[in-house]
Amino acid sequence: MSIRNLQRTAVRTWLSAVRLPLSAAEVVAGKQGAEWPPALAFSGFEAGVKRGLGALLGDSELIEEGLLERGKVDQLARAAELQETAARRRAEGEARYEERSEAVEEASQQALEQQKAREAKLAQDQARREEGAKAKARKKQEAAQAAEEARQKVVAAQERQARNTRLQEESQALARERDAVEAKQEVVEVDRALEATKAVRKQKS
Numbered sequence: 580m581s582i583r584n585l586q587r588t589a590v591r592t593w594l595s596a597v598r599l600p601l602s603a604a605e606v607v608a609g610k611q612g613a614e615w616p617p618a619l620a621f622s623g624f625e626a627g628v629k630r631g632l633g634a635l636l637g638d639s640e641l642i643e644e645g646l647l648e649r650g651k652v653d654q655l656a657r658a659a660e661l662q663e664t665a666a667r668r669r670a671e672g673e674a675r676y677e678e679r680s681e682a683v684e685e686a687s688q689q690a691l692e693q694q695k696a697r698e699a700k701l702a703q704d705q706a707r708r709e710e711g712a713k714a715k716a717r718k719k720q721e722a723a724q725a726a727e728e729a730r731q732k733v734v735a736a737q738e739r740q741a742r743n744t745r746l747q748e749e750s751q752a753l754a755r756e757r758d759a760v761e762a763k764q765e766v767v768e769v770d771r772a773l774e775a776t777k778a779v780r781k782q783k784s
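Under this note's numbering, the first residue of the sequence shown is numbered 580, with each subsequent residue one higher.
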């Protein structure tokens with residue numbers, strides 16, 4: 580094995596040894612994957628060490644490996660950033676949705692309350708109109724009843740007047756008949772007196 584290969588292997592072995600605590604933490608935390616922030620940070624450190632030692636040792640393979648790892652770290656970092664941005668936007672969207680939902684719910688509640696208020700007012704107006712119509716009908720009925728009572732009083736008064744007039748006329752007729760009878764009786768008595776006087780005169784002669 581060449582010295583360069585030994586140097587490259589030593590660098591990799593040293594980096595693996597340095598990473599052992601992080602690997603143990605990954606197992607304990609249950610974080611498996613290069614996108615975990617501590618793991619991602621170590622990968623960036625590892626890429627920098629490989630590029631630096633590769634340049635120092637003149638090992639192009641180690642430099643290329645560091646560059647590849649650096650590119651992978653950058654990609655993972657951008658992906659994590661995009662995920663974080665997406666999560667933030669999703670949270671913001673959910674918050675806006677909740678706000679809109681609350682606003683819609685509040686508007687719906689207000690509209691329902693306004694509708695109930697309008698219906699209550701319409702019911703009150705209808706009740707007032709019905710009560711007004713009933714009151715008008717009662718007044719009309721009372722006026723008609725009063726007019727009928729007044730008419731009946733007038734008719735009764737006219738009937739009494741007619742009856743009084745008829746009785747008066749009958750009384751006057753009876754008085755005239757009585758006067759006629761009395762006058763006739765007087766004539767008869769006068770006739771009788773004359774007859775008696777004539778009879779007495781005849782006897783004397």
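Glycine residues also receive a C-beta, built at the ideal position from the N, C-alpha and C atoms.
Coil, strand or helix - residue i by DSSP
{"i": "Ser-581", "result": "coil"}
{"i": "Trp-593", "result": "helix"}
{"i": "Gly-637", "result": "coil"}
Where residue i falls, given that 16 or more other Cβ within 10 Å makes a residue buried
{"i": "Arg-587", "result": "buried"}
{"i": "Glu-698", "result": "exposed"}
{"i": "Gly-711", "result": "exposed"}
{"i": "Val-590", "result": "buried"}
{"i": "Leu-661", "result": "exposed"}
{"i": "Asp-758", "result": "exposed"}
{"i": "Gly-633", "result": "buried"}
{"i": "Leu-641", "result": "buried"}
{"i": "Asp-770", "result": "exposed"}
{"i": "Asp-704", "result": "exposed"}
Nearest to residue i (by Cα), restricted to the options the options
{"i": "Glu-644", "options": "Leu-655, Gly-631, Ala-656 and Leu-585", "result": "Gly-631"}
{"i": "Gly-650", "options": "Leu-636, Arg-717, Gly-637 and Ser-622", "result": "Ser-622"}
{"i": "Val-652", "options": "Arg-598, Gly-672, Ala-665 and Pro-617", "result": "Pro-617"}
{"i": "Ala-656", "options": "Leu-619, Ser-639 and Asp-704", "result": "Leu-619"}
{"i": "Trp-615", "options": "Leu-635, Glu-663 and Arg-583", "result": "Glu-663"}
Cβ shell of residue i (< 7 Å), same chain only, five flanking positions each side left out
{"i": "Leu-594", "result": "Glu-625 and Val-628"}
{"i": "Leu-601", "result": "Pro-617, Ala-618 and Phe-621"}
Close-in-space but distant-in-sequence residues of the same chain around residue i (CB under 6 Å, 5 per side omitted)
{"i": "Leu-647", "result": "none"}
Close Cβ partners of residue i (< 8 Å) along its chain, the five nearest in sequence each way excluded
{"i": "Ala-778", "result": "none"}
{"i": "Ser-639", "result": "Gly-633"}
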